[in-house]
Amino acid sequence: MNSTNTALNNTLVITIDGPTASGKGTITRLIAQRLGWHILDSGALYRLVALAAQKHQIALDDIASLQPLAAHLDVEFVAAEGAEEMVVLLEGEDVTLELRKETTGNGASKVAALPVVRGALLERQRAFAQSPGLVADGRDMGTVVFPSAVIKIFLTASAEERARRRYNQLKDKGLGVTMRGLLEEIAERDERDMNRSASPLVPAEDAVELDTSALSIEQVVDHLWQLCQVRLN
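Each residue of the sequence shown is one higher than the one before, starting from 1270 at the first, in our numbering.
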C-alpha cells in the first residue's frame, strides 16, 4: 500500500476521466448510486472558481488573485430530494444552472490550465475520499489526484457525438445553444486540456479506455459495472 492510499485512509476510489461531454458526470452518478459511494465532480470545482472570479471581477489570468480564491472557495453541494443532480451553492447563492453553461465551462478550462489553481484544489479534491468509497469524475483524477485508485476509467467519444449530447442537455435546460458553436467550444477546450503543462488530459497508464460514441448510457454503465464486480470482489 503506497503513501497516497495511506493519506486517503485506504478509501476505495474509482476514477472516471475524459474530455468534455464524454458522459463522465452521468456515468459517475449512476455507478456511485449502485455502489452507495460518494461522488466528486472535480469539473464543478473549476467551474466554481471561474464563476467566483467573474463574481469578484477577477481576470482569468490573474494568478495572484485566483490562487487564494480557489483555496478558500465558499461552496456547498446539497442533495436535493428527487433531483438528478446536486444543488450547488457559491457563497450561499444557487449557481446550479449557471454552472452548466458553456461560457462557464470555457472559463473553467482556462483556470484549470493554471498550476496554482490546480495546486490549491488538490487537497480539497482528495478530501472527498471518504468511506465506503468515492467515484471521482474529471480530467486528471487517475493521473494526479488519485493515482492509486483501484479502478481507473477513461471515457471518450467523437467531437460530433459529444456536441450532440451537450446540445440536447443544454436545450433541455432551456439554454440557447447551436451545434456549430458547441463543436467550436469542444475543439477549443480539447486543445487546451490536452496540451496544458499542468495535468494534461491523458489516460492513466493503467486506465480502461472506452469509446462511448455508439453506446447508450445503459450499455456504458453495464460494461463498467461488470468491471467493478471483477475488480472490487
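Every residue, glycine too, gets a C-beta built ideally from N, C-alpha and C.
Being a predicted model, the structure only gives us computed values, none of them experimental.
Asked	Found
N- and C-terminal bounds of the beta strand (DSSP E) containing residue 1360	Looking at the DSSP string, residue 1360 is not in any beta strand (DSSP E), and its letter there is neither H nor E.
Span of the alpha helix (DSSP H) around residue 1453	1448–1464
For residue 1307, three-class secondary structure by DSSP	strand
Start-to-end residues for the beta strand (DSSP E) that takes in residue 1421	1420–1425
Per-residue burial, residue 1389 [other beta carbons within 10 Å of its own, 16 or more giving buried]	buried
Three-state class that DSSP yields for residue 1327 in the structure shown	coil
Rounded separation between residue 1363 and residue 1442 - CA only	15 Å
DSSP three-state assignment for residue 1297, whether helix, strand or coil	helix
Cβ shell of residue 1430 (< 7 Å), same chain only, five flanking positions each side left out	1482
Element boundaries [alpha helix (DSSP H), containing residue 1474]	Taken as a continuous stretch (DSSP letters only), residue 1474 belongs to no alpha helix (DSSP H), as it is neither H nor E.
Sequence-distant residues of the same chain with beta carbon closer than 6 Å to residue 1452, five excluded per side	1432
Where residue 1493 falls, given that 16 or more other Cβ within 10 Å makes a residue buried	buried
Local Cβ density within 10 Å of residue 1435, reported as buried at 16 or more and exposed below that	buried
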